[in-house]
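**Student:** Residues in the sequence shown are numbered from 1 upward in steps of one, following the UniProt record's numbering. To start, I am sharing the structure in question, which I have written as structure tokens.
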Amino acid sequence: MSGYIPSYLDKDELCVVCGDKATGYHYRCITCEGCKGFFRRTIQKNLHPTYSCKYEGKCVIDKVTRNQCQECRFKKCIYVGMATDLVLDDSKRLAKRKLIEENREKRRREELQKTIGVKPEPTDEEWELIKIVTEAHVATNAQGSHWKQKRKFLPEDIGQAPIVNAPEGGKVDLEAFSQFTKIITPAITRVVDFAKKLPMFCELPCEDQIILLKGCCMEIMSLRAAVRYDPESETLTLNGEMAVTRGQLKNGGLGVVSDAIFDLGMSLSSFNLDDTEVALLQAVLLMSSDRPGLVSIERIEKYQESFLLAFEHYINYRKHHIAHFWPKLLMKVTDLRMIGACHASRFLHMKMDAAELWITLLWFGCLQTKFGSIQIY
Numbered sequence: 001m002s003g004y005i006p007s008y009l010d011k012d013e014l015c016v017v018c019g020d021k022a023t024g025y026h027y028r029c030i031t032c033e034g035c036k037g038f039f040r041r042t043i044q045k046n047l048h049p050t051y052s053c054k055y056e057g058k059c060v061i062d063k064v065t066r067n068q069c070q071e072c073r074f075k076k077c078i079y080v081g082m083a084t085d086l087v088l089d090d091s092k093r094l095a096k097r098k099l100i101e102e103n104r105e106k107r108r109r110e111e112l113q114k115t116i117g118v119k120p121e122p123t124d125e126e127w128e129l130i131k132i133v134t135e136a137h138v139a140t141n142a143q144g145s146h147w148k149q150k151r152k153f154l155p156e157d158i159g160q161a162p163i164v165n166a167p168e169g170g171k172v173d174l175e176a177f178s179q180f181t182k183i184i185t186p187a188i189t190r191v192v193d194f195a196k197k198l199p200m201f202c203e204l205p206c207e208d209q210i211i212l213l214k215g216c217c218m219e220i221m222s223l224r225a226a227v228r229y230d231p232e233s234e235t236l237t238l239n240g241e242m243a244v245t246r247g248q249l250k251n252g253g254l255g256v257v258s259d260a261i262f263d264l265g266m267s268l269s270s271f272n273l274d275d276t277e278v279a280l281l282q283a284v285l286l287m288s289s290d291r292p293g294l295v296s297i298e299r300i301e302k303y304q305e306s307f308l309l310a311f312e313h314y315i316n317y318r319k320h321h322i323a324h325f326w327p328k329l330l331m332k333v334t335d336l337r338m339i340g341a342c343h344a345s346r347f348l349h350m351k352m353d354a355a356e357l358w359i360t361l362l363w364f365g366c367l368q369t370k371f372g373s374i375q376i377y
């Protein structure tokens, strides 16, 4: 049979069943089109029980005799290694054909977009992922879009008189610290609830879930505070309810980390991020495969790539008017990772006297958040 011959075949390669000219690998063997079709029809229609040899199953099968004895031809197909499990039934074959067509159309669109310079927007599958992440964020984001109306400003006199020793040789205002500890546990709980609403996260082993949450919790809380920076009052709103100044946050226990969070808030204020963009940033932070101790690294990496691709396409859809918006926004992920690392290192290198230990245990180490039947410390 003439026609297309794959490059991996020798020019005169023969079918291992009948000796006719081979056309490629079919069901794990090099065969001709005739034997490929015969094998496929036999399996799909379950015909082999009906085959019967007139000569005790001893027929020689070649390209002349192959149509004379179906039983011996099928037995030879099996003998040379053709795999019955690779033959698809009608529904699977149609599904495979549909997938091939979809991939072909996707490649065609991508090539067209490259040619005319159009940036790709989310696919239907990505829109579904975006919807899930956005709903998870909205459901766990205190006060939602009404945070400005519902926030309460921390009195100016609180956070101005630091008296207790803290990391880096600074002081902590106990009254400000007390106010912050009231909102930190519900803030952590909301981060956990956000993660639990993402199916990809719930598919991971519990041990990995805990490691991911420990790693991203400060980063996501910092992001949620930063996007609620108010240039007029120069405050951040924590947990959707408490507006604080830079000095109050610093003296209340965060020290130099507060400067990084405020600087991030000032920078993000020009980005005009919507709920979906904040939600996708959180998902990218959550699915960080470089957290120490993770087991399912490849899965987590794959999940983060899915979020990043959907995120990039959503940015294209939003059509922001800031030059190089996407790479600039990705840099904020790096900033948030640095905030998380700085927050952790402050407590790893400090000197522990009684007051410092008390502050550290409350603020960083022993805030317990229920996660199913597991407690995160």
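Beta carbons: idealized from backbone N, C-alpha and C, even for Gly. Just so you know, these numbers come straight off a predicted model, no measurement behind them.
1) Go through its chain and collect everything with a Cβ distance to Glu-301's Cβ below 7 Å, but skip five positions before and after it.
2) Under 8 Å, with one C-beta from each stretch per pair, do the region 305-324 and the region 121-132 reach the 3-pair mark?
3) Under the assumption that Ala-279 contacts His-137 (Cβ atoms under 8 Å), give the Cβ distance between them as a whole number of angstroms.
4) On a Cα-Cα basis, can you pick out the residue from Met-221, Glu-105, Tyr-27 that is closest to Gly-81?
5) Check whether the region 258-265 and the region 204-213 touch, using three or more Cβ-Cβ pairs below 8 Å as the test.
6) For a test of the three-state rule: what should DSSP assign to Ile-322, helix, strand or coil?
7) Closest to Cys-42 by C-alpha separation, out of Gln-304, Asp-193, Asp-85, Leu-249, would be which residue?
8) Is Cys-15 helix, strand or coil when you go by DSSP?
9) Write down every uninterrupted run of the beta strand (DSSP E) in the region 212-249 whose length is 3 residues or greater and which is fully enclosed by it, in chain order.
10) Taking buried to mean at least 16 other C-beta atoms within 10 Å of its own C-beta, is Ser-258 buried or exposed?
11) Take Leu-285 and list the residues in its own chain whose beta-carbon comes closer than 8 Å to its own, dropping the five residues that flank it on each side.
12) By alpha-carbon positions, which one of Arg-318, Leu-9, Met-200 ends up nearest to Ile-132?
13) Cβ atoms of Arg-66 and Gly-34: under 9 Å apart, would you say?
14) Determine which residues share a DSSP beta bridge with Ile-30 and list them.
15) Between which residues of its own chain and Trp-326 is the CB-CB distance below 7 Å, once the five residues before and five after are set aside?
16) Could you tell me the alpha carbon to alpha carbon distance between Cys-72 and Glu-101, rounded to whole angstroms?
17) Leu-198 to Pro-205, Cα distance in whole Å?
18) Out of Gln-248, Arg-228, Glu-128, Arg-108, state which residue places its alpha-carbon closest to the alpha-carbon of Ala-176.
19) For Cys-202, does the count of other Cβ atoms within 10 angstroms reach 16, so buried, or fall short, so exposed?
20) Under the three-state reduction of DSSP, which class applies to Phe-153: helix, strand or coil?
21) Mind listing, in chain order, the continuous alpha helix (DSSP H) runs of no fewer than 4 residues lying wholly within the region 51-138?
22) Using a Cβ-Cβ cut-off of 7 Å (strictly less than) and excluding sequence neighbours within five positions of Arg-40, which residues of its own chain qualify?
23) I need the straight-line Cα distance from Gly-293 to Leu-47, nearest angstrom please.
24) Are Gln-304 and Met-331 close, meaning C-beta to C-beta below 9 Å?
25) For Thr-186, report the span of its alpha helix (DSSP H) as first-last.
26) Mind pulling the alpha helix (DSSP H) runs of 4 or more residues that sit fully within the region 270-318?
27) Taking the C-alpha atoms as reference points, what is the distance between Lys-54 and Lys-96?
28) Following the continuous alpha helix (DSSP H) through Gly-252, name the residue where it begins and the one where it ends.
29) Go through its chain and collect everything with a Cβ distance to Asp-20's Cβ below 6 Å, but skip five positions before and after it.
30) Within 10 angstroms of the Cβ of Thr-50, are there 16 or more other Cβ atoms? Answer buried if so, exposed if not.
31) Compare the C-alpha of Pro-186 against each of Arg-318, Ala-283, Trp-127, Gly-240 and name the closest.
32) Please classify Lys-119 as buried or exposed, where buried requires at least 16 neighbouring CB atoms within 10 angstroms.
33) Using C-beta distances below 7 Å, list every residue in its chain close to Ser-52, excluding the 5 sequence neighbours before and after it, in chain order.
34) Using 8 Å for Cβ pairs, my map puts His-77 next to Cys-69. What's the rounded Cβ distance?
**Tutor:** Result, derived from the coordinates:
1) Ser-289
2) yes
3) 3 Å
4) Tyr-27
5) The region 258-265 is not in contact with the region 204-213.
6) coil
7) Position check: residue 42 holds Thr in this sequence, whereas Cys was assumed. Thr-42 has its Cα closest to that of Asp-85, out of Gln-304, Asp-193, Asp-85, Leu-249.
8) Coil at Cys-15, not helix or strand.
9) 235-238, 242-244
10) buried
11) Cys-216, Glu-219, Ile-220, Leu-223, Val-333, Leu-336, Arg-337
12) Met-200
13) Yes, the pair counts as a contact, with Cβ atoms nearer than the cut-off.
14) DSSP lists Tyr-25 as partners of Ile-30.
15) Only residues of its own chain outside the window of five on either side were considered, and among them Glu-312, Ile-315 have a CB closer than 7 Å to the CB of Trp-326, listed in chain order.
16) 37 Å
17) 14 Å
18) Gln-248
19) exposed
20) strand
21) 70-79, 90-116
22) Val-87
23) 54 Å
24) For Gln-304 and Met-331, no; Cβs fall outside 9 Å.
25) In the sequence on display, residue 186 carries Pro and not Thr. Taken as a continuous stretch (DSSP letters only), the alpha helix (DSSP H) holding Pro-186 covers 174-196.
26) 275-286, 297-318
27) 38 Å
28) Per DSSP, Gly-252 belongs to no alpha helix (DSSP H) and is neither H nor E.
29) Cys-32, Lys-63
30) exposed
31) That would be Gly-240, whose Cα lies nearest to the Cα of Pro-186.
32) Around the beta carbon of Lys-119, a 10 Å sphere encloses fewer than 16 other beta carbons of the protein chains shown; the residue is thus reported as exposed.
33) Result list for Ser-52: Glu-71, in chain order.
34) Correcting the residue type first, residue 77 is Cys in the shown sequence and not His. At roughly 12 Å, the Cβ-Cβ gap does not stay under 8 Å, so Cys-77 and Cys-69 are not in contact.
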